[in-house]
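Heads up: take any position in the sequence shown, counting from 1, add 450, and you land on the working numbering. All residues carry an ideal CB built from backbone N, CA and C; glycine is no exception. Read through the structure below, which is laid out as structure tokens, and then see the notes.
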Amino acid sequence: QVQLVESGGGSVQAGGSLRLSCAASGRTISIAAMGWYRQAPGKEREVVALIRPGANFIYGDSVQGRFTISRNKSGNTVYLQMNSLKPEDTAVYYCSLTANFGARYWGQGTQVTVSS
451 QVQLVESGGG SVQAGGSLRL SCAASGRTIS IAAMGWYRQA PGKEREVVAL
501 IRPGANFIYG DSVQGRFTIS RNKSGNTVYL QMNSLKPEDT AVYYCSLTAN
551 FGARYWGQGT QVTVSS
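So this is what it looks like as structure tokens:
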């Protein structure tokens with residue numbers, strides 16, 4: 451089994467910054483992608499940012515240019531630097547890890563609230 455532990459959420463005013471972290475532990479697996487999704491009230495879960503092998507980055511259209519995803523050298527921790535935050539970024543942010551064999555694991559979620 452794989453465990454994902456998130457940290458770094460909180461409340462900030464519009465224009466501010468937050469940094470999220472997600473540490474993976476447990477079973478050693480080959481990773482197809484690791485990163486962040488978010489879900490706002492009444493909306494579907496959407497991709498925020500993902501890292502794939504070979505430093506292949508994927509960003510959601512609404513965060514492009516404002517958010518940056520990175521990882522540590524061992525590849526078991528990912529970070530999401532969120533700058534120029536907007537009220538519409540308010541959501542629960544979930545860390546996700548997709549294994550090459552198809553399984554997807556989720557963190558417990560961390561709340562990000564941006565006030566205007």
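- Nearest C-alpha to Ile479 among Leu500, Val452, Gly557, Cys472: Val452.
- DSSP places Val542 in the uninterrupted beta strand (DSSP E) bounded by 541-549.
- A direct Cα-Cα distance of roughly 23 Å separates Ile519 from Ser565.
- Excluding its 5 nearest sequence neighbours in each direction, Phe507 has C-beta neighbours in its own chain below 8 Å: Ala499, Leu500, Ile501, Ile519, listed in chain order.
- Separation of Arg477 and Ala549 (C-alpha to C-alpha, rounded to the nearest whole angstrom) is 11 Å.
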